[in-house]
Amino acid sequence: MALTGVLGALGCLQAVRAEAAAERLPNFVVIFADDQGYGDVGCYGARDFSTPRLDRMAAEGVRLTDFYVAGPVCTPSRAGLMTGCYPKRLGLAYRVLFPYSKTGLNPDEITIAEILKTRGYATACIGKWHLGHHAKFLPTRQGFDVFFGTPYSNDMNGQHYKEQDFKAPALPLIRQEKVVEEDPDQRYLTRRYTEESIRFMEANKDRPFFLYLPHNMPHRPIHASERFKGKTKHGLYGDVIEEIDWSVGEILGALKRLGIDERTLVIFTTDNGPVLLRAKRLGYRPGSAGPLRGMKNTTWEGGMRVPCVMRWPGKIPGGTVCEELVTAMDVLPTIAKLAGAEAPKDRIIDGKDVWPVVCGKAGVRSPHEAFYYYRDDRLQAVRSGWWKLHVFRPEWEASSGHAPLLHDLKVDVGERTDVAGEHAEVVKRLQGLAERAREDLGDAATNRSGKNVRPVGE
Ligand code: MG
Numbered sequence: 004m005a006l007t008g009v010l011g012a013l014g015c016l017q018a019v020r021a022e023a024a025a026e027r028l029p030n031f032v033v034i035f036a037d038d039q040g041y042g043d044v045g046c047y048g049a050r051d052f053s054t055p056r057l058d059r060m061a062a063e064g065v066r067l068t069d070f071y072v073a074g075p076v077c078t079p080s081r082a083g084l085m086t087g088c089y090p091k092r093l094g095l096a097y098r099v100l101f102p103y104s105k106t107g108l109n110p111d112e113i114t115i116a117e118i119l120k121t122r123g124y125a126t127a128c129i130g131k132w133h134l135g136h137h138a139k140f141l142p143t144r145q146g147f148d149v150f151f152g153t154p155y156s157n158d159m160n161g162q163h164y165k166e167q168d169f170k171a172p173a174l175p176l177i178r179q180e181k182v183v184e185e186d187p188d189q190r191y192l193t194r195r196y197t198e199e200s201i202r203f204m205e206a207n208k209d210r211p212f213f214l215y216l217p218h219n220m221p222h223r224p225i226h227a228s229e230r231f232k233g234k235t236k237h238g239l240y241g242d243v244i245e246e247i248d249w250s251v252g253e254i255l256g257a258l259k260r261l262g263i264d265e266r267t268l269v270i271f272t273t274d275n276g277p278v279l280l281r282a283k284r285l286g287y288r289p290g291s292a293g294p295l296r297g298m299k300n301t302t303w304e305g306g307m308r309v310p311c312v313m314r315w316p317g318k319i320p321g322g323t324v325c326e327e328l329v330t331a332m333d334v335l336p337t338i339a340k341l342a343g344a345e346a347p348k349d350r351i352i353d354g355k356d357v358w359p360v361v362c363g364k365a366g367v368r369s370p371h372e373a374f375y376y377y378r379d380d381r382l383q384a385v386r387s388g389w390w391k392l393h394v395f396r397p398e399w400e401a402s403s404g405h406a407p408l409l410h411d412l413k414v415d416v417g418e419r420t421d422v423a424g425e426h427a428e429v430v431k432r433l434q435g436l437a438e439r440a441r442e443d444l445g446d447a448a449t450n451r452s453g454k455n456v457r458p459v460g461e
């Protein structure tokens with residue numbers, strides 16, 4: 004064969020390969036529990052209930068020990084996951100959205116789903132959204148082909164909000180943009196979302212898809228179906244987690260059955276830490292942040308460090324543990340890269356591509372020089388390496404000029420021992436990083452507006 008013929012044949016082969024590769028873009032499944040604590044998974048130390056499917060997922064993939072969400076409550080955390088940005092940048096850091104709220108995730112922001120649409124993905128959000136319940140903010144307007152779920156939290160049903168003098172409607176269950184049920188029986192939400200998710204994967208098994216499955220559970224009020232209720236030594240909360248674990252098993256089983264297991268990255272994590280009120284007040288025995296201090300709605304580790312397991316057979320080595328700092332904001336640039344898509348370049352994105360980190364490539368360190376802990380619109384703490392500096396605590400508000408607290412998370416993950424006095428140079432360095440965040444993102448605690456914040460959706 005003449006050289007030109009060989010080259011032509013090679014070129015042709017390359018084109019075919021490129022086409023085949025394009026056809027085999029990976030699928031992405033992100034399972035997002037609500038208010039499930041760092042200690043509420045078997046392989047993170049849970050006792051009195053078990054999560055064998057999540058534990059197996061970790062044994063077949065990677066378990067992250069230092070994974071952070073972008074905010075300690077539902078709306079900010081979800082904003083960070085969906086856009087790869089600090090919620091403060093998006094105007095969504097303050098508390099959460101309520102049924103009386105007029106704002107939402109700005110439709111001009113670019114979500115993971117919108118990025119994947121540019122690569123021909125089928126996209127679904129099945130579960131709790133909480134980034135704006137008005138039609139213009141719903142998942143269907145933010146890159147998702149399919150939405151089935153609640154627009155906000157499952158406790159926002161019919162209650163009267165005093166400060167706004169607003170009576171919320173019954174909890175809506177929405178399909179696409181239409182309310183199809185009011186006050187759905189919450190015992191069956193986990194199961195229904197699971198079944199709906201499996202139907203979506205079956206319908207799209209021959210093309211790349213993105214399934215975002217943000218469960219309502221175990222956010223208060225918690226419910227489990229009859230099959231799980233009363234089954235654990237822990238009580239109802241344990242039953243609820245075991246049902247979520249069952250759901251994870253169903254999703255993984257469906258991927259195997261459909262023959263797409265080996266081209267699907269599955270991520271399991273949760274939106275913020277657990278609610279650790281007394282059982283008497285909660286009505287059930289609470290979950291756990293394991294060895295971490297604090298709970299949901301705090302910037303102690305227990306509020307923002309959450310369990311996270313990732314699995315992709317053949318790509319992520321099984322049974323590995325990643326101790327590098329990774330955040331929920333990294334999911335967007337990482338997924339974009341894996342799908343051969345561009346992360347947005349016309350704006351600041353805080354997340355980084357962490358694929359080499361979670362794959363356990365030797366010597367690969369976290370790309371984050373600093374991680375910022377915001378609660379509402381206040382910068383409360385900064386982590387760099389193993390050091391964490393608390394620069395503002397709500398309990399300091401009354402006093403003036405409180406000295407910052409420094410913790411060495413490597414030896415003091417429970418944040419019990421302040422070592423600021425022994426490490427003046429570390430304090431100074433982290434204060435410098437905190438100052439950088441105030442400049443960039445703003446900080447109500449020091450009256451800073453932030454030069455790179457973008458408008459909330461109105
Ligand atoms: Mg939550």
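Those letters in the sequence shown? Residues 4 to 461, per this note's numbering, in order. Glycine included, every Cβ here is placed at the ideal spot set by N, Cα and C. Nothing here was measured: the structure is a model prediction, and the numbers come from that model.
Exposure of Val-324 is indicated by the presence of fewer than 16 other C-beta atoms within 10 angstroms of its C-beta. Taking a C-beta distance under 9 Å as the contact criterion, Arg-56 and His-237 do not qualify as a contact pair. Selection Leu-108, Pro-224, Gly-354 and Gly-417 evaluated against Arg-284 yields Pro-224 as nearest (Cα-Cα).
DSSP, reduced to helix, strand and coil, places Glu-185 within a strand of the structure shown.
In the structure shown, Ala-342 adopts coil according to DSSP, grouped into three states. The nearest non-hydrogen atom of ligand 1 is 8 Å or more from the C-beta of Cys-128.
Distances between the C-beta of His-222 and the heavy atoms of ligand 1 include at least one below 8 Å. The set of residues whose C-beta lies within less than 5 Å of a heavy atom of ligand 1 reads, in chain order, Asp-37, Asp-38, Cys-77, Asp-274 and Asn-275.
According to the DSSP assignment, Arg-178 belongs to the beta strand (DSSP E) that extends over 175-178. Of the other Cβ atoms in all chains shown, 16 or more fall within 10 Å of the Cβ of Phe-395; this residue is therefore buried.
In the three-state reduction of the DSSP assignment, Met-298 falls in the coil class, being assigned neither a helical nor a strand state. Within 10 angstroms of the beta-carbon of Ala-257 lie 16 or more other beta-carbons, which makes it buried. Here Ile-113 carries a coil assignment [DSSP, helix/strand/coil]. Straight through space, the alpha carbons of Leu-382 and Pro-397 are spaced by roughly 11 Å. Assignment of beta-bridge partners to Leu-408 by DSSP yields His-393. With a cut-off of 8 Å on Cβ pairs, the stretch 364-374 is not in contact with the stretch 416-429, counting fewer than three such pairs. For the pair Gly-343 and Arg-122, the CB atoms are nearer than the 9 Å cut-off. Taken atom to atom, the span from the alpha-carbon of Ala-227 to that of Ile-201 is near 20 Å. Non-local C-beta neighbours of Arg-288 in its own chain, meaning closer than 7 Å and more than five positions away in sequence, comprise His-237, Gly-238, Tyr-240 and Ala-282, ordered along the chain. Excluding residues up to 5 positions away in sequence, Gly-363 lie with their Cβ nearer than 6 Å to the Cβ of Pro-320 in the same chain.
In this structure the stretch 37-44 lies against the stretch 303-310, because at least three pairs of beta carbons, one per stretch, are closer than 8 Å. The way I'd put it, the stretch 89-96 doesn't touch the stretch 136-154; fewer than three beta-carbon pairs between them come closer than 8 Å. The stretch 424-453 contains, as complete alpha helix (DSSP H) runs of 4+ residues, the segments 427-444 (chain order).
Separation of the CB atoms of Ala-96 and Pro-79 is rounded to 5 Å, and the pair is thereby assigned contact status at 8 Å. Beta bridge pairing from DSSP links Cys-362 with no other residue. Burial of Phe-35 is indicated by the presence of at least 16 other C-beta atoms within 10 angstroms of its C-beta. DSSP lists Val-269 as the beta-bridge partner residues of Arg-314. Thr-193 is not a Cβ neighbour of Glu-229, given a cutoff of 9 Å. Look at the stretch 62-121 and you find these whole runs of beta strand (DSSP E), each 3 residues long or longer: 65-67. By the C-beta density criterion, Tyr-103 is exposed, having fewer than 16 other C-beta atoms within 10 angstroms. Distance from the CA of Glu-326 to the CA of His-410, rounded to the nearest whole angstrom, comes to 17 Å. Residue pairing of Pro-336 in beta bridges, as defined by DSSP: absent, with no partner found. Pro-217 sits in a strand when the DSSP states are folded into three classes. Judged by DSSP in its simplified three-state form, Gln-167 adopts helix.
Non-local C-beta neighbours of Asn-207 in its own chain, meaning closer than 7 Å and more than five positions away in sequence, comprise Ala-125, ordered along the chain.
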